[in-house]
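In the numbering used here, the protein residues as written are 128 to 268.
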């Protein structure tokens with residue numbers, strides 16, 4: 128009986144380890160793109176919220192602008208946690224510390240942005256990975 132419990136525990140640990148490493152993680156590809164510009168519903172929602180709240184500084188498709196960096200490039204190396212922390216708490220660019228344009232606001236009090244923080248990440252990650260270009264995406268089927 129004691130050996131059976133040990134064997135069952137060993138099997139459970141083995142299966143958990145297998146699935147933890149064998150299954151793709153959310154951070155790998157949190158989006159689906161078809162036909163070069165059709166996004167899954169979450170990423171498409173992220174695009175819409177991005178356009179409403181982020182595009183004024185970061186550009187229509189995340190390509191950056193005079194006030195803010197290119198997010199398609201930034202998210203190629205930025206982790207999900209770093210992205211979430213930046214959106215939630217804001218960020219100051221040390222090189223432009225004295226100017227208003229060197230400061231990204233904290234969005235933690237904006238319920239629309241916070242509700243869609245993962246969706247925005249999915250859209251921007253698709254841009255960073257080159258899965259979708261500087262095109263107006265559409266909702267996929």
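We treat Cβ as the ideally placed atom computed from N, Cα and C, and that holds for glycine. Keep in mind it's a predicted model, so treat the numbers as computed, not measured.
Can you tell me which of the three DSSP states residue i falls into?
| i | result |
| --- | --- |
| residue 241 | helix |
| residue 176 | helix |
| residue 254 | helix |
| residue 236 | coil |
| residue 131 | helix |
I'd like to know whether the C-beta atoms of residue i and residue j end up nearer to each other than 7 Å.
| i | j | result |
| --- | --- | --- |
| residue 174 | residue 248 | no |
| residue 171 | residue 266 | yes |
| residue 188 | residue 239 | no |
| residue 166 | residue 264 | yes |
| residue 203 | residue 255 | yes |
| residue 214 | residue 230 | no |
| residue 244 | residue 160 | no |
Can you name the residues that DSSP bridges to residue i?
| i | result |
| --- | --- |
| residue 265 | 165 |
| residue 136 | In DSSP, residue 136 forms no bridge with anything. |
| residue 218 | 231 |
When every heavy atom of the ligand HEM is checked, does at least one fall within less than 6 Å of the C-beta of residue i?
| i | result |
| --- | --- |
| residue 267 | Summarising the ligand content, the structure contains no ligands, and the ligand HEM is consequently not present. |
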